[in-house]
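Everything below concerns the one structure shown next.
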């Protein structure tokens, strides 16, 4: 009886489980396609589970790290520097057909780059600093809205496709440090502004197109077999022996006859002709030697006569005049010896092509830009009209006296390359002289922007400018900390310069290692110094850079120099920032979030400060939240 009841209820239980199983499957099938694409990518590309993605609600994926949505569709996926490890699986991210920005840079992704042609709206693609292999992905040629492409620092091989000109809207192209080979296609993207194909294996002449002619030799460096007018390297013309029609045709003929067993015997006519030619050549050579001998004898006689005349002149000259001449000659010799002793070699970093010599640099017209903690900075205009920034390190403030230590340090610093770092191009050291050469930034420093003209700007910078500059600086600092074991060590507003597009670029990075810690520091720099390093001989750490960033962020928000910042609790700090900006309440949320980041960074204890990459994520989160808010408001209006 008991078993019969169970058998009676069995169809009911079967229907119950089937219903809920079907419901669960349909729920999975009803997931938004963008969420499915992101989870599929994470499943294979995130083998160490760095992306903590969880989907409890339908649109949770729009809140995930690195994801930005517009009207429920993913338009931006930026997961750079998160330690992702794994392949870039096909049929995952390439299904996000509304994607505008895709950045997987600075991870450990490997394998080939999949087909990306479905990303028809993509404008920026950053896959650099991974371990991608295979050839240049041809699907990229079909991304006709692409503006920025970076595949640098991977293991890509093969030749560049000639069809690169299909990317006619491209403004930034970085393919350096791969293994591309072959000849360079005649790129002529008229919009191209950033271009780097250095450290590949490209060969042949660089095509002279209006586009490529805009870039200097550094964009092509590290390709020894490249030549041409643009990189100031003459292409070797083919030897006349190989260019001769007769020579090229006669050798194959002889080979062909010998291969058929035919013995080639030179004709008697040719033999006689060669003997006559030899006699003529012998006569000509003998005549040339005889003429040269006669001319040499005549020159020797004239030299002896002039020498005796000079001796007679010296004998007739007064003794004081002879002594003066001898003294001048000795001074010239001593001066040359001292210059030879002082002279060093101008070293270019990171495979940079030498665009100028030390002599040209010394002859350049110099303009004083400022004096800093470790040296004096000049703007130098060379004969070629190239403008560079030269920092002359103060010997009295330098802790590193060993030339080899200095050279090794500068080589490491010279390899740091990031859009928010002013590139270190070269350095020089000799007895008592050290120079560091950077790219010149035309729009001045952040210090001048914030404090330069109070009459022209009564209020501090707009919060959007503060956010943009803070993000740029955070990018640069996070890169230094992650790409090397180095730190900036001297971050301040005068060491943040504004580039061509007014992007914030950090300069003087990693030079604090060379500075003597005992020298008297100016009050302006001391205000950025972390408490743990302020009254001790301890060297700065990465957490010291985070502290300086917090002080810099407050300087941006208030327009007040750090020496004028009060020591306040976080709650009071919000009120002070609001009062300094004379805020009308329209920026409350934005100011609170940025001020909170500044407060966390400038915590007294270094253990309480976040790492720089975490600070960057905070700022990007603020940016993304308000971008989404603005998009929503504009959509509703």
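In UniProt numbering, the protein residues as written are 1 to 637.
C-beta: ideal position from N, C-alpha, C; glycine also.
- Buried is the label assigned to residue 509, since at least 16 other Cβ atoms lie within 10 Å of its Cβ.
- Taking C-beta atoms as the reference points, residue 123 and residue 151 fail to come closer than 8 Å.
- Unbroken alpha helix (DSSP H) stretches of 4 residues or longer found wholly inside the region 359-428: 403-414, given in chain order.
- Comparing C-alpha distances from residue 158 to each of 386, 144, 87 and 134 shows the shortest one belongs to 134.
- Between residue 88 and residue 118, the C-beta spacing is not below 8 Å.
- Sorting 423, 431 and 47 by C-alpha distance to the C-alpha of residue 440 places 423 at the top.
- Take the alpha-carbon of residue 197 and the one of residue 417: they are about 14 Å apart.
- Three or more Cβ pairs closer than 8 Å define a contact, and the region 482-499 falls short of that threshold against the region 589-609.
- In this structure, DSSP gives residue 507 a state outside helix and strand, which the three-state scheme calls coil.
- Going by DSSP, residue 547 is part of the alpha helix (DSSP H) stretching over 542-558.
- Here DSSP, grouped into helix, strand and coil, assigns residue 210 to coil.
- In the displayed model, residue 466 falls within a helix according to three-state DSSP.
- Taking a cut-off of 8 Å on C-beta distances, the region 474-483 does not touch the region 423-436, as fewer than three cross pairs fall below it.
- Spatial neighbours of residue 543 in its own chain (CB-CB distance under 6 Å, excluding positions within 5 residues in sequence) are listed in chain order as 606 and 609.
- The alpha-carbon of residue 69 is positioned some 26 Å away from that of residue 476.
- Only buried fits residue 414, as 16 or more other CB atoms lie within 10 angstroms of its CB.
- In this structure, residue 365 lies away from residue 353, with their beta-carbon atoms at least 8 Å apart.
- Comparing C-alpha distances from residue 83 to each of 92, 142 and 613 shows the shortest one belongs to 613.
- Counted as a single uninterrupted DSSP element, the stretch harbouring residue 92 is not any alpha helix (DSSP H), since DSSP gives it neither H nor E.
- Taking C-alpha positions only, residue 546 is separated from residue 425 by approximately 26 Å.
- In the three-state reduction of the DSSP assignment, residue 181 falls in the strand class.
- In the DSSP secondary-structure assignment, residue 85 is bridged to 108.
- Residue pairing by DSSP places residue 150 opposite 126 and 174 in a beta bridge.
- Around the beta-carbon of residue 226, 16 or more other beta-carbon atoms lie within 10 Å, marking it buried.
- Taking a 10 Å sphere around the C-beta of residue 80, we find 16 or more other C-beta atoms and assign the residue as buried.
- Closest option to residue 46, judged by alpha-carbon separation, among 199, 85 and 487: 85.
- Residue 492 carries a coil assignment under DSSP once its states are collapsed to helix, strand and coil.
- Collapsing the DSSP output to three states places residue 595 in a helix.
- The C-beta distance from residue 525 to residue 625 rounds to 34 Å, too long to fall under 8 Å, and the pair is not in contact.
- Counting the other CB atoms within 10 Å of its CB gives residue 363 a total below 16, which places it among the exposed residues.
- Following the DSSP letters along the chain, one finds residue 77 inside the beta strand (DSSP E) bounded by residues 73-78.
- For residue 433, the three-state secondary structure derived from DSSP is strand.
- Under the DSSP assignment, residue 42 falls in the alpha helix (DSSP H) whose first and last residues are 33-45.
- Between residue 503 and residue 553, the alpha-carbon positions lie close to 16 Å from each other.
- Assigned with DSSP and collapsed to three states, residue 55 falls in coil, not helix or strand.
- Residue 136 and residue 103 have their C-alpha atoms spaced approximately 17 Å apart.
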